[in-house]
Structure formats: structure tokens, C-alpha cells
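Q: Handing you a structure now.
Chains as they are written, first to last, in the numbering used here: chain A, 30 to 443; chain B, 5 to 375.
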């Protein structure tokens, strides 16, 4: 790999939650494992082991459906605290290779290995003869210490590292040099480019753009007209230009809390209370991490599994439920249009930045001070020690534990 | 419709109207100028349904009539034509402009398709000095909120009291208030909230010419009469928040600063402030102000120390640099006064200079400094 390019790795902990469960309980090894909940309960699959994926069970499959396909699988409720511990341990291992680590989510992280002491440079001694050897050592470290597998892709940009990582899964190691990556790019489907989701893929397909090679023929102004700033980026990505750096510290991109109900509900008071509770949990986490959110999204799924969501930019970034609640209410009123039962509600805070707070003229700081006071009480006595009026009646519908009401996507929600 | 007129006459009238025409509208008719010719008076009318404007010019009329044609295209034609007499005529909603040997034609719409603008009875107008009105509006316009969740704040409050006419604007982070004791708009039993678009256009329309402006306040709308132009706007619905309640009465820590020096220093330091918060820390000590900004994204740090006049307790306050810059831009005179209380309460900024019959000040809320 030429030295004038960066060396960037993407490490993907394949089926992370299921792998952790298999590491903790060796009898599950080689067997299909489904994390998300017990088969008789409602909710969705949060993580399926590769053994289970072979039979079509994946993230988002309703648990009932998963059980129909895989009655013999181990269905586990999962424990977020254990997964967080494992993820910290994984990041510690990354730290031995480079300080430049950008966790993308709780099972994936970019490492910038350029200039890392682990990489050999002309005239310098190093532990490794090649980048491939380094990648293998990283995989071995994780396997030996934590007994879980991962896929590693190493190349010269984040985009290429991701493409490399997806070539061999699970447990793969792929190193692609810059020239080879550039040569591969035109043949790949556009979906492989960063930020190209299903909707965009569909829009592009309607324009006859299926591969990156097709995209190369679309002039920059056309892409910008159609997709704005992102169109501009895709024009670059299609040419192998990806200037995104590995940015340590940007750990958390969004914070979500969501829950599936035991029984579908059309009760606006109950749904509103649940939303407020989810918002409280999101805001509590924001304050704990000393972050503020710039955008908030509300998602709901109806009883027939059709789902709707919408997002709004806050007029000023905040981590106070008092500030964000009007937006959440407005979003919910906008998307909840059918007179049908709701089975799932979720709130996501996005555009997170380090906390700051613009003090308001007409809104007293009392609600913000109150929230901080509640955080302190709950840190000592548990979340359930004190509830707000809006959420106190949720106890009729949710099971209560020390950590507050138990949400029904335990692996993702705290 | 058929008339003759100078190019400059028509160009000037059209250019005044252009900023009212909505750039993108779901109603295509709103992208047009309505021309109405009656006797020797040609009226050009535009509207975005909230704000409307009519400009009337004298022309050499040959045949009365009306048509609506695309505003931008019409404006560009009269802008580019040479300075000769134009002959404008219409035939079945098509307009033809003849200029020397040039002929320009375009299709328009029937005048019936154009929204009917409210009738204005200019007899009831109150006349006030345009220069004073423009000065008041400029002082507060920057503070108008863009937050659509609080529509009342999306305008300037005109509040007539015993003190005179007050104009107030706030976005909840800063507030601007200007009072003229020699101005009263009669027939003002109650407050009105005027949207910024009409005020912005009013200031532009007045330019540097300080003539008289006629004002008519109707139920739900306001009319401004300036020479041959009439601007009307829908008023916003209240209630406007009780702003008087948030104006601090006991800000006893006064810092006196040179405005130009402070403004230049804040602008410099702000370059290295956080791009989202624009936070600049004001550290006040005895006769000294330290400005500090940091930006973690590129390890930026900027510091300036200014000599000021300050005798109260030392204090650190965070401000959004843009708010301070906006305020200083509207503060006249060489010296600016900051009347402060605590690091988390509103500060009052005003000019050290006094103008007869006029009083204005700005409130600015701090940013809570990170621990």
C-alpha cells in the first residue's frame, strides 16, 4: 500500500450481541441465537447470529415470525449492560493499535492506522511486516481475549474500508490497495456508496443509475439539483474521493429509546405518556454524555407493521425534555393519522454536539434545573424513585424495575 | 391596454416591486405583476398574499385595460432595453413591448386570475416622518424570531403607550426595544404585530429619501403610503409575550466600552469560536475585558484583552458572538454600556449617546458556560 495514502480500517463485530451471548455460554456456539425477547412475546429481533441469518431471521424480524422459522433457536432477552462492557473491551483493544478510533455504533468502528506505531515505515522497526499482518493481529487479539469474531476491512478511505469489510463476512479480513479499490468502484452497485439508502437507490435506479459506473456519467450539477449537498458528495465518492476523516470523540451520532407495547394502544394519553417517558430517557442520556441534540425524530409502528416517522430540527439545540417536548408532540400529532392501534413508539435525538445552553428570555430555567435535579435523585436511588406526572400512570402497562419502566426492546433501550 | 412611457419610469416602478414577488410559490399567478391602466394612471401590483404592493406611475395612455405578466421576465426586459420611449400594448393576455426597432412579446394571465388586493382608503392615514420610522424599524428588525412555533414573535410589536410609540422584537434569546416619545399613531387602542417582510421592504423603499410616510392600521392589516407606492401587509396575531416582565430592573454592574474596539475584537475572536454555539467568553475584571473563544474541531483558541471601564465584581459570561455583533451594529455613538447582573441572567446593552425623544436598548441572554 503506498505510504502517501491514509490507512483506514473498519472493524465490524459480526452479529455482535449474539456473538457475546455465544461467548458467555459456549453451549450456544454454532447454534442459531436470537436476541430480542422470548418467542411468545411481542417485539422484534435485535440481533440474530449467522446461524439464524441463514434461515432468514435478521434485525427487525418480528419475534413471532422468527419463532415460526426457527423454533429450535435460543431466544434471549439480552442485557445491554453486558454488551456495553464488551464493546468497551473491544475499543480498548483498538486503542493498542491507534488512538484514532471512531465508533460508528455499538458494533462497528473506524480506525485510522496512518502513522500508527504499529505500521512499519521506511527505516522504522515495527511489529508487523504488512498491513494484512496487522489486521490479522487485531482480529486475533479480539478473538483471544473476548472469544468473539469480527470482520476487518483495510483500505485508504472510510468508504473503501467499508467496502473491503463487506467482502468477507463473518470473520473476514480484506485489504484493498488504493488502485485496486479505484478499479473495483465502477462495477459496484450505488448502494455501496456512503449515505445511499434504499430510497435513494430507488430514485437513482429510476434514472437508470444502478452502478457506480453509471453514476460517473451523471454531471455534478444534476446530482446537486436532485440531492443537494449529498449529491455533491456522491459525485466525489463515485470518483473514489472520500475526505471524511476518522474523528475520535464523535462516539454517539444518535440516541434512541423505543418500545413495543404488550397490547396495541389507541389511547392518546397513554401514547403521549410513553412518548414523554422515552423523551425523558433520551434527555437523561444526553445530559449524562454532556451532549445536546439539534434534531429529534419520532417513529411509530401501527398494528399492521406499517410504520411512519418524521423529524424536525430544533430551533436551538437542547438536552432538556421541557424544550424538546413541544417538537415531539407536534411530530406525533403529524404522523399519527390513522385510527389504528399503535404497537411500537420510538424517539431519536440526532445532530448531537457537546452541550451548551442558550438561556431563554421567556422560558424559565426551572424545567432544566428540575431535570438536572431529577438526574441526581435517580443516580442515587434508581430511576423508579421518582416519576413525572405524565409518566406515573404508565406503571399500569409497563413492568417496573429499579431502572424505571422496562421497555420492550431491551437490547437497544436502557 | 396600450400606453407609451419612458423606459426608466417603468424600470424603476418594476424594480421596487420585485422583492415582494415570492421566489417559489404554489400559486403561479403570484409570480406576476398585474398591470392596470385607467386614464393616464398605470398601476403595477404584486402580492404574496401576505404582503402586497402597488406602484402607480403616469403614462401616455391610449387604451385602458389590464393584464398580469411574469414579474421577473418583465423586469429583465425593461432593465436591458435602451433608454428610449417604450410602447406597451396587450392583445388577449399577451403583452408586446416596442422599443426602437425591438419588439418583445410574452404571454400573461387574465387580470381576473390575479388575487384581488384589499381596497385602501388613503384618507384615514396618519403621516409620520419616514426617516424616524426607518431608523426605529432598523434598530429592532434583526431581533425578530424565525421560529415558526411561536408565530407572534415572527413580527415587530408596535406598542403605543404614554411614553410614545414603542417597537419591540425578540427571538427569545435577545430583545430590541426602541421608543419615540414624539410619535403616536392615533387610532391605536391596542398593540399590533407587523411582519418583518413588509418592514424590510418599507426600509428599502424609503432608501435614503426621508419623506413622509402615511400609515393606516385596519383590523388585521397595515398600510404604508409612500409617494406613488402603497404597501399593505397582514398583521400577525397575538398575544405578544409580556416582554416588560423580562427586562431586568436591577442590573447594577456597568461596563463601559469603546464600541468600535469591542466590535472588531468580538469579530476576530469569533472566527475561532465553536461553529455551532459561537460562544465567546467575556471575562470582566477591574477595568479589563478578556474575550476568549475556543474551537475543538481545529484546536483553535483566540484571546483578546481590552481596556474598559468596569468597577464591579469580576465575572465570566458566555455570549453568542453573533448576537453581540448584531447588537453593536445597531448601537450608535462611540461608547457602549453593558449593564449586567449575573452570568445567567439578561444583560442590557445601550449606547452612551442620547438622542432627543428617542430611547433604545437591547437585551441579550448569555450562554451557560460549560464547566
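For each residue, glycine too, the CB sits at the ideal point set by N, CA and C.
Within the 9 Å Cβ cut-off, does residue 153 of chain A reach chain B?
A: Position 124 of the first chain, counting from 1, holds the residue named residue 153 of chain A. Bear in mind that a pLDDT of 44 at residue 153 of chain A, under 50, signals an unreliable position, so the number given afterwards is only what the model happens to contain. No - not a single Cβ of chain B is within 9 Å of the one on residue 153 of chain A.
Q: What are the residues in the segment 335-351 of chain B lying within 9 Å of chain A by C-beta distance?
A: Listed in sequence order: 348, 349 and 350.
Q: Would you kindly check if the distance between the Cβ of residue 423 of chain A and the Cβ of residue 310 of chain A is under 9 Å?
A: Position 281 of the first chain, counted from the first residue, corresponds to residue 310 of chain A. Position 394 of the first chain, counted from the first residue, corresponds to residue 423 of chain A. Contact: no.
Q: Does any residue of chain A have a CB that is nearer than 9 Å to the CB of residue 36 of chain B?
A: Position 32 of the second chain, counted from the start, is the residue given in the question as residue 36 of chain B. Not closer than 9 Å to any Cβ of chain A, the Cβ of residue 36 of chain B fails to qualify, so no.
Q: What residue range is occupied by the uninterrupted beta strand (DSSP E) comprising residue 341 of chain B?
A: Translated into the one-based positions of the second chain, residue 341 of chain B becomes position 337. 339-344 is the extent of the beta strand (DSSP E) around residue 341 of chain B.
Q: Could you name the residues of chain A that residue 369 of chain B contacts, counting a contact when the two beta carbons are closer than 8 Å?
A: Along the second chain, one-based indexing puts residue 369 of chain B at 365. In chain order: 387, 388, 389 and 390.
Q: Would DSSP call residue 246 of chain B helix, strand or coil?
A: To locate residue 246 of chain B, count along the second chain from 1; it is residue 242. Of the three classes helix, strand and coil, the one that applies to residue 246 of chain B here is coil, per DSSP.
Q: Alpha carbon to alpha carbon, how far is residue 65 of chain A from residue 78 of chain A? Give it in angstroms, no decimals.
A: Position 49 of the first chain, counted from the first residue, corresponds to residue 78 of chain A. Position 36 of the first chain, counted from the first residue, corresponds to residue 65 of chain A. Using only the alpha carbons, I get a separation of about 12 Å.
Q: Excluding the 5 residues preceding and the 5 following residue 239 of chain B in the sequence, name in chain order all residues of the same chain whose CB lies nearer than 7 Å to its CB.
A: Taking the first residue of the second chain as 1, we reach residue 239 of chain B at position 235. Excluding sequence neighbours, residue 239 of chain B sits near 196, 197, 198, 224, 225 and 226.
Q: Assuming residue 360 of chain A contacts residue 300 of chain A under a Cβ cut-off of 8 Å, what Cβ separation, rounded to an integer in Å, is found between them?
A: Taking the first chain and counting its residues from 1, the one referred to as residue 360 of chain A is at position 331. Taking the first chain and counting its residues from 1, the one referred to as residue 300 of chain A is at position 271. At roughly 12 Å, the Cβ-Cβ gap does not stay under 8 Å, so residue 360 of chain A and residue 300 of chain A are not in contact.
Q: Determine the chain B residues that contact residue 342 of chain A at a beta-carbon separation under 9 Å, and present them in chain order.
A: Taking the first residue of the first chain as 1, we reach residue 342 of chain A at position 313. The contacting residues do not exist; residue 342 of chain A stays about 11 Å from chain B at best.
Q: Using 9 Å as the limit for Cβ to Cβ distance, is residue 324 of chain B near chain E?
A: The chain labelled as chain E is not found among the protein chains of the depicted structure, namely A and B.
Q: Between residue 346 of chain A and chain B, is any beta-carbon pair separated by less than 9 Å?
A: Mapped onto the first chain, residue 346 of chain A falls at position 317. Yes, because at least one Cβ of chain B sits closer than 9 Å to the Cβ of residue 346 of chain A.
Q: So, with DSSP's three-state summary, where would you put residue 37 of chain A?
A: As a first step, residue 37 of chain A is located in the first chain; it is residue number 8 there, counting from the start. Residue 37 of chain A falls in the strand class under three-state DSSP.
Q: Which value, in whole angstroms, describes the spacing of the CA atoms of residue 259 of chain A and residue 207 of chain A?
A: Numbered from 1 along the first chain, position 230 holds the residue referred to as residue 259 of chain A. Numbered from 1 along the first chain, position 178 holds the residue referred to as residue 207 of chain A. Those two C-alpha atoms are separated by around 23 Å.
Q: Measure from the alpha carbon of residue 346 of chain A to the alpha carbon of each residue in A:379, A:358 and A:74, then state which is nearest.
A: As a working note, residue 346 of chain A is residue 317 in the first chain. That would be A:379, whose Cα lies nearest to the Cα of residue 346 of chain A.
Q: Between the alpha carbons of residue 184 of chain A and residue 144 of chain A, how many angstroms are there, rounded?
A: Sequence index remark: in the first chain, residue 184 of chain A carries index 155 (1-based). Sequence index remark: in the first chain, residue 144 of chain A carries index 115 (1-based). Rounded to whole angstroms, residue 184 of chain A to residue 144 of chain A spans 14 Å at the Cα level.
Q: Since residue 355 of chain A meets chain B, which of its residues come closer than 9 Å, beta carbon to beta carbon?
A: Counting from 1 along the first chain, the entry for residue 355 of chain A is found at position 326. Ordered by position in chain B, the residues that pass the 9 Å Cβ test against residue 355 of chain A are 153.
Q: Cα separation between residue 69 of chain A and residue 264 of chain A?
A: On the first chain, residue 69 of chain A is found 40 positions in, with the first residue counted as 1. On the first chain, residue 264 of chain A is found 235 positions in, with the first residue counted as 1. One C-alpha to the other measures close to 48 Å.
Q: Please report the distance separating the alpha-carbon of residue 241 of chain A from that of residue 226 of chain A.
A: As a position in the first chain, residue 241 of chain A is number 212, starting the count at 1. As a position in the first chain, residue 226 of chain A is number 197, starting the count at 1. Taking the straight line from one Cα to the other gives about 14 Å.
Q: Taking beta-carbon pairs under 7 Å, can you tell me which members of the segment 166-188 of chain B lie near chain A?
A: Taking 7 Å as the Cβ-Cβ cut-off against chain A, the residues of the segment 166-188 of chain B that qualify are 174, 176, 177 and 179.
Q: Whole angstroms are fine: how far does the CA of residue 18 of chain B sit from the CA of residue 11 of chain B?
A: In the second chain, residue 11 of chain B corresponds to position 7, counting from 1. In the second chain, residue 18 of chain B corresponds to position 14, counting from 1. Residue 11 of chain B and residue 18 of chain B: Cα-Cα distance of roughly 11 Å.
Q: Could you tell me which of B:151, B:116 and B:170 sits nearest to residue 137 of chain B, measuring between CA atoms?
A: Reading the second chain from its first residue, position 133 is the one you call residue 137 of chain B. For the residues B:151, B:116 and B:170, the minimum Cα distance to residue 137 of chain B belongs to B:170.
Q: Which residue from B:5, B:142 and B:316 puts its Cα closest to that of residue 101 of chain B?
A: For the purposes of this step, residue 101 of chain B is taken as residue 97 along the second chain, with counting starting at 1. Nearest of B:5, B:142 and B:316 to residue 101 of chain B, Cα basis: B:5.
Q: Closer than 8 Å between beta carbons: that is the criterion. Which residues of the segment 279-291 of chain B meet it against chain A?
A: Those residues of the segment 279-291 of chain B that come within reach of chain A (Cβ to Cβ, closer than 8 Å) are 280, 281 and 283.
Q: Do residue 25 of chain B and residue 34 of chain B come within 9 Å of each other at the CB atom, strictly closer than that value?
A: For the purposes of this step, residue 34 of chain B is identified with residue 30 of the second chain, where counting begins at 1. For the purposes of this step, residue 25 of chain B is identified with residue 21 of the second chain, where counting begins at 1. Cβ atoms of residue 34 of chain B and residue 25 of chain B: closer than 9 Å.
Q: Give the secondary structure of residue 295 of chain A by DSSP, where H, G and I count as helix, E and B as strand, and everything else as coil.
A: Within the first chain, numbered from 1, the residue matching residue 295 of chain A stands at position 266. Three-state DSSP puts residue 295 of chain A in coil, outside helix and strand.
Q: From residue 371 of chain B to residue 355 of chain B, what distance separates their C-alpha atoms?
A: Stepping through the second chain from its first residue, residue 371 of chain B is reached at position 367. Stepping through the second chain from its first residue, residue 355 of chain B is reached at position 351. When rounded, the distance between both Cα atoms is 23 Å.
Q: Would you kindly report the start and end of the unbroken beta strand (DSSP E) that includes residue 103 of chain B?
A: For the purposes of this step, residue 103 of chain B is taken as residue 99 along the second chain, with counting starting at 1. Element bounds for residue 103 of chain B: 98-103.
Q: Using the rule of at least 16 other Cβ atoms within 10 Å of the residue's Cβ for burial, across every protein chain shown, is residue 322 of chain A buried or exposed?
A: For the purposes of this step, residue 322 of chain A is identified with residue 293 of the first chain, where counting begins at 1. The residue is buried, with at least 16 neighbouring Cβ atoms inside 10 Å.
Q: Which whole-angstrom value describes the C-beta separation of residue 148 of chain B and residue 200 of chain B, a residue pair presumed to lie in contact below a C-beta threshold of 8 Å?
A: The residue labelled residue 148 of chain B in the question sits at position 144 within the second chain. The residue labelled residue 200 of chain B in the question sits at position 196 within the second chain. About 5 Å; that satisfies the 8 Å criterion.
Q: To the nearest angstrom, how far is the alpha carbon of residue 395 of chain A from that of residue 402 of chain A?
A: For the purposes of this step, residue 395 of chain A is identified with residue 366 of the first chain, where counting begins at 1. For the purposes of this step, residue 402 of chain A is identified with residue 373 of the first chain, where counting begins at 1. Each residue's alpha carbon lies about 10 Å from the other.
Q: Could you give the distance in angstroms between the alpha-carbon of residue 431 of chain A and the alpha-carbon of residue 425 of chain A?
A: Numbered from 1 along the first chain, position 402 holds the residue referred to as residue 431 of chain A. Numbered from 1 along the first chain, position 396 holds the residue referred to as residue 425 of chain A. Each residue's alpha carbon lies about 16 Å from the other.
Q: Mind reading off the beta-carbon distance from residue 134 of chain B to residue 241 of chain B? Whole number of angstroms is fine, and I expect it under 8 Å.
A: For the purposes of this step, residue 134 of chain B is taken as residue 130 along the second chain, with counting starting at 1. For the purposes of this step, residue 241 of chain B is taken as residue 237 along the second chain, with counting starting at 1. Contact doesn't hold; Cβ gap of about 27 Å is too wide.
Q: What separation, rounded to the nearest whole angstrom, lies between the Cα atoms of residue 142 of chain B and residue 204 of chain B?
A: Here residue 142 of chain B is taken as the residue at index 138 of the second chain, counted from 1. Here residue 204 of chain B is taken as the residue at index 200 of the second chain, counted from 1. Using only the alpha carbons, I get a separation of about 8 Å.
Q: With distances taken between CB atoms, is the gap from residue 221 of chain A to residue 191 of chain A smaller than 9 Å?
A: Translated into positions along the first chain, residue 221 of chain A becomes position 192. Translated into positions along the first chain, residue 191 of chain A becomes position 162. A contact, by the Cβ cut-off of 9 Å.
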